[in-house]
Amino acid sequence: MKTSIQNRRETLKQSALVVGLLAATGLFPHHAHAAFNKAAFEAKNVADALKALGVGMPIESKGVAITAPDIAENGAVVQLGVSATLANVKQMLILVEKNPTSLVAVFNLTDSVEANFMTRTKMGQSSDVYAVAVTGDGKTFYAKKEVKVTLGGCG
Amino acid sequence: MADPTRIRAQVAGDKATVRTLMSHEMESGQRKDAAGKVVPAWHIQEVEAKLNGKTVLTAEWGSAVSKNPFLQFNVKGAKVGDKISVTWKDNRGDTRTDEATVT
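Note that the protein sequences, when read in sequence, are chains F and V.
Counting in the working numbering, the first sequence runs from 1 upward without gaps.
Counting in the working numbering, the second sequence runs from 156 upward without gaps.
See below:
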């Protein structure tokens, strides 16, 4: 009985390791139904969040667009629009650089939905806001815009 | 149980624009209450949208999405009379699904 428990523990440990490796190399299947990526959402900056999601550092592209106000009076509600005209976009991300946790939202696309989303976010202070598009071949592109916040929405 | 999600889906050309307004506190986990204790995070983590029962979009959200989240997206090939459903799940395990007809 004791050995079987140990075996089970061993197996669990190993599978956890495999999951970790997959996540680290970015091989983790995005559509393996929305396991909430806690590490990515707890990352304190843009680079760490992207790393935790397993996507490479993006390059700036005209194929990605972000619409946001120049000045947001109320940081608790900042309307953001992100869109991409690139072909075969699989994932779109919204990040706010100077928030306590940078990653705001991850959208996993299918063929039936356009790479065009609008939502509202909280911003603690004036910051650059990033829209990131991940295409089917694993390339990542971004657009950014600075939003000035008069009244923070995190406090 | 949370209030219903308001969903409006309107056809525009060969696609439908879907606007949703979910009802959720979206507590960030950064705020402190009057006694100086941190109010624990409570926010929607997963969102799934379906067109006639087929998943068209999934999303993961952090705590930085605003209170009573608004989400707009476009569904290709949706026609008048089609059903759009939106499901959310928060970090306490609460979940809610609402459905609307495309007009």
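C-beta: ideal position from N, C-alpha, C; glycine also.
Just so it is clear, the structure is predicted and the values come from calculations on it, not from any experiment.
Check your understanding: Which residues does DSSP pair with V:E201 in a beta bridge?
Key -> V:E215 and V:K244
Check your understanding: Just checking my contact of F:G75 with F:V129 at CB under 8 angstroms: how many whole Å lie between their CB atoms?
Key -> Rounded, the Cβ-Cβ distance is 12 angstroms, inconsistent with contact.
Point to revise | Local conformation of F:E48 per DSSP, three classes | key: Residue 48 of chain F is actually Asp in this sequence, not Glu. Note: F:D48 maps to helix in three-state DSSP.
Review point. Are three or more beta carbon pairs between the region 57 to 70 of chain F and the region 98 to 113 of chain F nearer than 8 angstroms?
Key: no
Point to revise | Secondary structure, beta strand (DSSP E): runs of 3+ residues fully inside the region 59 to 145 of chain F | key: 64 to 67, 71 to 74, 78 to 84, 89 to 96, 103 to 109, 113 to 121 and 127 to 135
**Study point:** Delimiting residues of the alpha helix (DSSP H) encompassing F:F41
**Key:** K38 to E42
Point to revise | Min CB distance F:L151 to chain V below 8 angstroms | key: no
Exercise for review: Closer than 6 angstroms by C-beta to V:D286: which residues in its own chain qualify, once you throw out the five before and the five after it? Chain order, please.
Suggested key: Since the first and last residues shown for chain V are 156 and 258, residue 286 of chain V lies out of range.
Check your understanding: Using a Cβ-Cβ cut-off of 6 angstroms (strictly less than) and excluding sequence neighbours within five positions of V:L176, which residues of its own chain qualify?
Key -> R161 and F225
Exercise for review: Please check if any C-beta of chain F sits within less than 8 angstroms of the C-beta of V:K192.
Suggested key: no
Check your understanding: Would the beta-carbon of F:A105 fall within 8 angstroms of that of F:S83?
Key -> no
Point to revise | Contact set between F:L109 and chain V, taken where Cβ atoms lie within less than 8 angstroms | key: L212
Point to revise | Whole-angstrom C-beta distance between F:T119 and F:L80, which should lie under 8 angstroms | key: 6 angstroms
Practice item. Determine the contact status of V:A219 and F:T121, defining contact as a CB-CB distance below 8 angstroms. Key: yes
Check your understanding: When DSSP labels each residue in this structure, what does V:E182 get in the three-state scheme?
Key -> strand
Exercise for review: Excluding the 5 residues preceding and the 5 following V:D158 in the sequence, name in chain order all residues of the same chain whose CB lies nearer than 7 angstroms to its CB.
Suggested key: S178
Review point. Would you report the Cα separation of F:L50 and V:E254, rounded to the nearest angstrom?
Key: 33 angstroms
Review point. According to a CB-to-CB cut-off of less than 8 angstroms, which residues of the region 183 to 209 of chain V neighbour chain F?
Key: S183, Q185, R186, Q200, E201, E203, A204, L206 and K209
Check your understanding: In chain order, what residues of the same chain lie with their CB nearer than 6 angstroms to the CB of F:A32, ignoring the 5 residues before and after it?
Key -> Confidence is the limiting factor: at F:A32 the pLDDT is only 42, short of 50, which leaves the residue's position unreliable, though a coordinate-based value still follows. Answer for F:A32: no residue qualifies.
Review point. F:E60 to V:A233, Cα distance in whole Å?
Key: 32 angstroms
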